[in-house]
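Residue numbers (my numbering): 1 to 250.
Quick look at the structure:
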């Protein structure tokens, strides 16, 4: 297994797409965070979330880049034909999928931590220059930061599963983003579905896990939300592994 992990880690580190996605995500999140902290009107009342926690919601943008990264981990191999040498090196397809899942889960943790730490540091600096208390102390910021990091990690692993189920690269990426941004939003229009999607939809459980939802929707608590997102990840990982074992690879 160690050789499989080393191989997948090498693929990740030597792929320009990885650095492009991480760099683009960090750049986008941090620029928006700085602009919001520098120009926003941050007048809080007792009981309101601290402004630093509000801006930490921006770190959730990294989830979208992470799930695309996971999808590309599998679909790129089929698109460019590298899946054949990969399977020659690791004939056990379950082990190959396991290595991809573990490597991208760890990469997602690092990705999430970098994003969270970057947002916290820059917003603290900007709020300090404006003489505003960011409120970035205590257990609330720790819970939000860890939850957001785990959400990014689970999205990366979920992407690997989705990529194994839907091998077409464009179809997998477009379908996933369409589900998150379009389908789930449309489902909330149906009477009685709003609460269900807010709690159990892919975006809803990510919001619950991060603990930073500011939309006023009723989301699951952090632990149940994390378990639901883990369940979704496991379902796609298992389905992807089964399909990879059954499909012919030319």
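From the three backbone atoms N, C-alpha and C, an ideal C-beta is built for every residue, glycine too.
Query raised in the report: By how many angstroms is the C-alpha of residue 180 removed from the C-alpha of residue 203?
Result: To locate residue 203, count along the chain shown from 1; it is residue 203. To locate residue 180, count along the chain shown from 1; it is residue 180. Answer to the nearest angstrom: the Cα atoms are 6 angstroms apart.
Query - Nearest-angstrom Cα separation, counted from residue 151 out to residue 219 - result: Here residue 219 refers to the residue found at position 219 when the chain shown is read from its first residue. Here residue 151 refers to the residue found at position 151 when the chain shown is read from its first residue. Spanning the two alpha carbons is a distance of roughly 14 angstroms.
Query raised in the report: Going by alpha carbons, who is nearest to residue 140 out of 18, 72, 210?
Result: For the purposes of this step, residue 140 is taken as the residue at position 140 of the chain shown. Of the candidates 18, 72, 210, the one whose C-alpha sits nearest the C-alpha of residue 140 is 210.
Query raised in the report: Quick one: Cα of residue 67 to Cα of residue 156, how far?
Result: Reading the chain shown from its first residue, position 67 is the one you call residue 67. Reading the chain shown from its first residue, position 156 is the one you call residue 156. Distance between the alpha carbons of residue 67 and residue 156 is about 4 angstroms.
**Report entry** Chain-order list of residues whose beta-carbon lies under 6 angstroms from that of residue 108 (same chain, five-residue window excluded)
**Finding:** As a working mapping, residue 108 is identified with position 108 in the chain shown. Here the set comprises 66, 152, 153, 156.
Query raised in the report: Okay, do the region 101-118 and the region 22-29 touch, 3+ Cβ pairs below 8 angstroms being the bar?
Result: yes
Requested in this report: Check whether the region 191-198 touches the region 88-107, counting contact only when three or more Cβ pairs, one atom from each stretch, lie closer than 8 angstroms.
Outcome: no
Query - Buried or exposed by the 16-neighbour rule on C-beta atoms within 10 Å, applied to residue 85 - result: As a first step, residue 85 is located in the chain shown; it is residue number 85 there, counting from the start. The residue is exposed, with fewer than 16 neighbouring Cβ atoms inside 10 Å.
Report task. Give the DSSP-derived three-state secondary structure of residue 13 in the structure shown. Result -> For this step, residue 13 is matched to residue 13 along the chain shown. If DSSP states are grouped into helix, strand and coil, residue 13 belongs with the helices.
Query raised in the report: When we look at the beta-carbon of residue 60 and count the other beta-carbons within 10 Å, is it buried (16 or more) or exposed?
Result: The residue labelled residue 60 in the question sits at position 60 within the chain shown. So residue 60 counts as buried.
Query raised in the report: How long is the line joining the alpha carbons of residue 242 and residue 192, rounded to whole angstroms?
Result: Start at 1 with the first residue of the chain shown, and residue 242 comes out as number 242. Start at 1 with the first residue of the chain shown, and residue 192 comes out as number 192. Whole-angstrom Cα-Cα distance: 34 angstroms.
Report task. Measure from the alpha carbon of residue 244 to the alpha carbon of each residue in 173, 94, 177, 229, then state which is nearest. Result -> Walking along the chain shown from the start, residue 244 turns up at place 244. Nearest of 173, 94, 177, 229 to residue 244, Cα basis: 94.
Query raised in the report: In three-state DSSP terms, what is residue 42?
Result: By 1-based counting over the chain shown, the position of residue 42 is 42. In the structure shown, residue 42 sits in coil (DSSP, three-state: anything other than H, G, I, E or B).
Report task. Check residue 97 in the structure and name its three-state DSSP category. Result -> For the purposes of this step, residue 97 is identified with residue 97 of the chain shown, where counting begins at 1. Helix.
Requested in this report: Return the CA-CA distance between residue 32 and residue 117, expressed in angstroms with no decimal places.
Outcome: As a first step, residue 32 must be located in the chain shown, where it is residue number 32. As a first step, residue 117 must be located in the chain shown, where it is residue number 117. So the alpha carbons of these two residues sit roughly 15 angstroms apart.
**Report entry** Reduced DSSP secondary structure (H/G/I, E/B, other) of residue 172
**Finding:** In the chain shown, counting from the first residue as 1, residue 172 sits at position 172. Note: residue 172 maps to helix in three-state DSSP.
Query raised in the report: Which residues in the same chain have their Cβ closer than 6 angstroms to the Cβ of residue 208, if we skip the five residues on either side of it in sequence?
Result: Position 208 of the chain shown, counted from the first residue, corresponds to residue 208. If we look at residue 208 and ignore the five residues flanking it on each side, its Cβ neighbours are 219, 220, 225.
Query raised in the report: What's the C-alpha gap between residue 131 and residue 57?
Result: Here residue 131 refers to the residue found at position 131 when the chain shown is read from its first residue. Here residue 57 refers to the residue found at position 57 when the chain shown is read from its first residue. Those two C-alpha atoms are separated by around 22 angstroms.
Requested in this report: Assign residue 183 to one of three DSSP states: helix, strand, or coil.
Outcome: Working through the chain shown from its first residue, we reach residue 183 at position 183. Note: residue 183 maps to helix in three-state DSSP.
Requested in this report: Return the first residue and the last residue of the alpha helix (DSSP H) that residue 134 is part of.
Outcome: To locate residue 134, count along the chain shown from 1; it is residue 134. From DSSP, residue 134 is part of no alpha helix (DSSP H); its letter is neither H nor E.
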